[in-house]
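Since the structure comes first, as structure tokens, the remarks are kept for the end.
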Amino acid sequence: MRLQLRPFARPLLVVTALAAGPARAAENPTQASLRLTYFGEPSNDDAPVRVIHPQVDVSAPVGGGVGVAAGWEADAVSGATPKVFGPHTGVDAVTAATKFSDFRQLVHGGLSYDRADGGISASYAYGWEHDYRSHSLSATTHDDLYDHNFTLALAYSHNWDSVCDANNDAAPGLLELQALTSSQHCFTSSPDVVTRHLRIDAVEPSLSWTMTPRLVVQGGGTIMILDGFQSNPYREVKIGPEGAVPQEHEPTYRQRYAVFARAAYAYPQWRASAQVMGRLYQDSWAVQAATGDLLVNKYLGQSMLLTLRGRYHIQGGASFYRNGQEYVTLGPPGQYWTGDRELSPMSNTLVGGRMAFLRRPQQERSSWFVEMEADIKYELLMYHLESVNAPNADRPYAHILQGAFSVRF
Amino acid sequence: MHCLCIFRSGPSKGPAPPAMSSRGQSPRSLTRSWLLVVALALGSGGCAASKWTVRPHQRELLADRIMQLDAEPQERAAEDHVLSNREGAVGGNGTSGGGCGCN
């Protein structure tokens, strides 16, 4: 079963982290981080989807402001998903659910150069699994302006992705498109499969402003263009009263735009801070979305840090989306159809908390580290779908459990 | 925040301005007046700008990890990996993503 690869996300993360740190040092310390995330999405009808996601990252300065970074991450996925997206009252959603398991890996490495008032970095990532391969190159730059009170950052990434698909060259029409049944022959010369391509360009400018000694704000945007195969090759959608079940068929071109604003405000009397984020999103598939996020951080004693979080996301559906019942009774609105939950009108709510243990032996000369941190996090993600005929309506919520350990030398 | 502008440097110690003529200000006086206006404007602008400038010694709170918008890039990457597969939107978290969102 194909998983989603997003190696280009990491470089953009890095530059935003750099841009968001108004008081950072020009020379970053050597750091190693290990993180393990468990994602569990129970189903009312079938086996739950479980993902175990380990991450290892290391970074170190090599002198002269130059730093190196490398990392590895993986996804071990198991569960069951409906092969055919159709009305919930029909038999397809339950009986055609197929069990799957897969393993995805990604490695990345990069170089950075930091000076007192800015820096640049470049990185490469490669991800692979049975039916998906991805190469990604990224470049970032950030500059401090006006006595370090502003940070202007720009990140760009390009992906070359390869997707395994069923060979539908002989299909007489769109309604006869066959779904991929197995990844066994992927990326071979077998005639039953073909390799599709997907190119992704992403640009993310942002501007951070240290507004007062207690307030940092940031605004920015994301522009992303995807050109190539974007459907789930395994998924079928039940179309029309005659019961045709062609492969999911999504447009091959998508432009995605987002603007966001974030802020962090300190409450020193409580040894706490609050962080808020708002985002507006629109794309060329007519998906519109709004997201709000609130975090509250509070130190407990000398070594404990508690974080509480609430997040809400709401979106409209893609122009070619219909629920499982409407695809059968009305047919698709055009030449495209999907059974993807992320393209349906929906909302979700995320609540959770994290407890971190911090160790900073600043006065102990014998200490071999500068800072050590261990933390554990739990979040509950609740989906609010438009109807029981929406994709994955049998999975109303998900658990996210995470543990991490990091040390800085 | 202290404003270190020319307005706090005390009264001018320069030569006294010329006396006004009965028909108004002399050209030299006008020039000085305009210079004063410009200096006032620049000075007040400087004060306004410095009001929004956070100096290094005022960054103690900002340097704390709980004030970093992305204190944990690795955690953000993991979260983006989860959410971007389950929502139709990307961006805004310092991250980007795309693709099919399978599973």
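For the protein sequence lines, the chains are A and B, in the order given. Numbering of the first sequence is given in this note's numbering, commencing with residue 1 and proceeding in unit increments. Numbering of the second sequence is given in this note's numbering, commencing with residue 1001 and proceeding in unit increments. Heads up, the beta-carbon is just placed ideally off N, CA and C, and yes, glycines get one too. Just so we're clear, the structure is a prediction, and the values are computed from it rather than from any experiment.
Please classify G292 of chain A: is it buried, with 16 or more other beta-carbons within 10 angstroms of its beta-carbon, or exposed? exposed
Check whether the Cβ atoms of S112 of chain A and V66 of chain A sit closer than 9 Å, and answer yes or no. yes
If we count the other Cβ atoms within 10 Å of its Cβ and call it buried at 16 or more, is N297 of chain A buried or exposed? buried
If contact is defined by three or more beta carbon pairs under 8 Å, each pair taking one atom from either stretch, is the segment 251-266 of chain A in contact with the segment 365-378 of chain A? no
Buried or exposed: where does W270 of chain A fall if 16 or more other Cβ atoms within 10 Å of its Cβ makes it buried? exposed
Per DSSP, cross-strand counterpart(s) of V406 of chain A: The residue you asked about is not Val; residue 406 of chain A is Ser in the sequence shown. Beta-bridge pairing links S406 of chain A to A:S33, A:E373.
Which residues in the same chain as R196 of chain A place their Cβ atom closer than 6 Å to its Cβ, once the five residues preceding and following it in sequence are excluded? V163, D165, F229
Cα-Cα separation between R1023 of chain B and V217 of chain A, rounded to whole angstroms: The pLDDT assigned to R1023 of chain B is 43, lower than 50, so where the model puts this residue is not dependable, and the model offers no usable value.
Against chain B, with Cβ distances strictly below 9 Å, would D57 of chain A count as a contact? yes
Is V99 of chain A buried or exposed, if buried means 16 or more other CB atoms sit within 10 Å of its CB? It is Lys, not Val, that sits at residue 99 of chain A in the sequence shown. Exposed is the call here.
Would you verify that the beta carbon of S121 of chain A is, or is not, closer than 9 Å to some beta carbon of chain B? no
Three-pair Cβ contact test at 8 Å for the segment 34-50 of chain A versus the segment 351-362 of chain A: no
Could you list the residues in the segment 242-267 of chain A with a C-beta less than 9 Å from some C-beta on chain B, going in chain order? E248, E250, R254, R256, Y257, A258, V259, F260, A261, R262, A263, A264, Y265, A266
List the residues of chain E that D147 of chain A touches, going by C-beta distances under 9 Å, in chain order. The chain inventory of the structure shown lacks chain E, comprising the protein chains A and B.
Tell me the residue span of the beta strand (DSSP E) that contains G220 of chain A. Element bounds for G220 of chain A: 215-228.
In or out: H1081 of chain B buried (at least 16 other Cβ within 10 Å) or exposed? buried
Under DSSP, the alpha helix (DSSP H) around E1079 of chain B begins and ends at which residues? 1073-1083
Are the C-beta of Y281 of chain A and some C-beta of chain B separated by less than 9 Å? Flagged as an interface residue toward chain B: Y281 of chain A, by a C-beta distance shorter than 9 Å.
Locate the beta strand (DSSP E) running through Q255 of chain A, then write down its first and last residues. 253-267
Please classify T151 of chain A as buried or exposed, where buried requires at least 16 other C-beta atoms within 10 Å of its C-beta. buried
Using a Cβ-Cβ cutoff of less than 6 Å, which residues in the same chain neighbour I400 of chain A once the five nearest sequence positions on both sides are dropped? The residues F39, E379, in chain order, have a CB closer than 6 Å to that of I400 of chain A in the same chain once the five nearest residues on each side in sequence are set aside.
Determine the direct distance from the alpha carbon of P332 of chain A to that of A390 of chain A, and round the result to whole angstroms. A390 of chain A and P332 of chain A have their alpha carbons spaced roughly 15 Å apart.
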